[in-house]
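Trainee:
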Amino acid sequence: MQLATWNINSLTVRLPQVLDWLGAHPVDVLALQELKLSDDKFPVQAFADVGYQAQWHGQKTYNGVALLSRSAATEVVKNIPGFADEQARVLSASIAGVRVIGAYFPNGQAPGSDKFAYKMRWLDALHDWVRSEMAAHPHLVLLGDYNITFDDADVWDPVGLVGSIHCTDEERAQLQRLLDLGLHDALRLFAPAEKSFTWWDYREFAFRRNRGLRIDHILISKALAARARACVIDKTPRKNERPSDHAPVLLTLDAVP
DNA sequence: ATGCCTCAGCTCCTGAGA
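The first sequence begins at 42 in the working numbering and counts up by one.
Here is the structure:
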């Protein structure tokens with residue numbers, strides 16, 4: 042079984058690249074973030090034509106998440122129950138025996154800002170939602186654009202970016218709280234190379250210079266960690282002519298019975 | 001230079017991203 046996550050920064054612009062990528066990587070589940078389109082514009086038929094069912098939770102202009110899958114998605118939940126939110130950021134479903142939570146974490150803009158405060162409230166709510174979901178579903182994966190680095194190894198310039206957004210102690214403490222629920226950082230189960238990033242700024246040739254951050258993650262429960270066989274970042278789509286600023290992350294698991 | 005790209009939309013600029 043393979044699952045992947047990809048922030049595609051506008052599904053309207055990136056749909057051909059997503060279809061191409063699925064052709065080369067016929068994963069069982071692909072979580073998408075930053076659809077940037079309203080629900081009525083979701084290209085459900087284009088995915089059906091290449092063998093994928095879809096669940097989506099979008100809004101005009103900003104945010105928006107989807108789960109593409111080869112098999113049926115059940116128990117679909119949009120956003121975080123009990124957390125009133127105008128922003129479409131979370132989509133959960135059970136697929137092939139795995140509880141999948143796809144999420145587009147808030148950016149936070151800058152420490153001390155209103156958006157940072159919203160990010161912290163949202164992270165509190167997510168934590169409680171994931172905890173309850175883990176109690177009900179031992180085989181659980183939380184994947185998406187976290188907009189948080191685990192530590193300095195995830196940062197191209199940890200000295201220059203110390204304390205900046207995605208790198209603050211407060212954000213990293215929230216990420217640690219998710220791990221403390223019993224989740225495991227799938228990429229680091231497999232000793233990734235140094236400077237393994239998932240996002241690079243569009244400016245200043247950041248990708249070519251590998252000036253990036255690792256902010257897209259796949260966290261898996263203990264039962265799934267025992268079945269994990271590989272986790273990789275696919276930098277290939279970042280080399281496309283009109284790329285997303287994020288690269289997909291891909292997890293391979295032994296099948297869940 | 002709180003900019004440098006890219007995207008959406010109240011589109012010839014601004015807000016937001018990270």
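Glycine residues also receive a C-beta, built at the ideal position from the N, C-alpha and C atoms.
#1: Quick test of your reading: leucine 222 and methionine 175, contact by CB under 8 Å. State the CB separation rounded to the nearest angstrom.
#2: From what residue to what residue does the beta strand (DSSP E) around glutamate 245 run?
#3: Going by DSSP, what residue range makes up the alpha helix (DSSP H) through lysine 263?
#4: Could you check if threonine 277 is buried or exposed, using at least 16 other CB atoms within 10 Å of its CB as the buried criterion?
#5: Helix, strand or coil for leucine 202 per DSSP?
#6: How is the alpha helix (DSSP H) around threonine 190 delimited, first residue to last?
#7: Tell me whether leucine 109 is buried or exposed, calling it buried when 16 or more other Cβ atoms sit within 10 Å of its Cβ.
#8: For histidine 178, which of Asn120, Asp195, Ile261 has the nearest alpha-carbon?
#9: Give me, in chain order, the residues of the same chain whose beta-carbon lies closer than 7 Å to that of threonine 293; leave out the 5 immediate sequence neighbours on both sides.
#10: Please identify the residue among Val85, Asp210, Gly185 whose C-alpha is closest to the C-alpha of alanine 227.
#11: Would you identify the three-state DSSP class for valine 182, choosing helix, strand or coil?
Mentor: Taking the definition as stated:
#1: 6 Å
#2: First-last for glutamate 245: undefined, no H or E at that position.
#3: 263–266
#4: exposed
#5: coil
#6: Premise fails: threonine 190 is in no alpha helix (DSSP H) and is neither H nor E.
#7: buried
#8: Ile261
#9: Gln43, Arg270, Ala271
#10: Gly185
#11: strand
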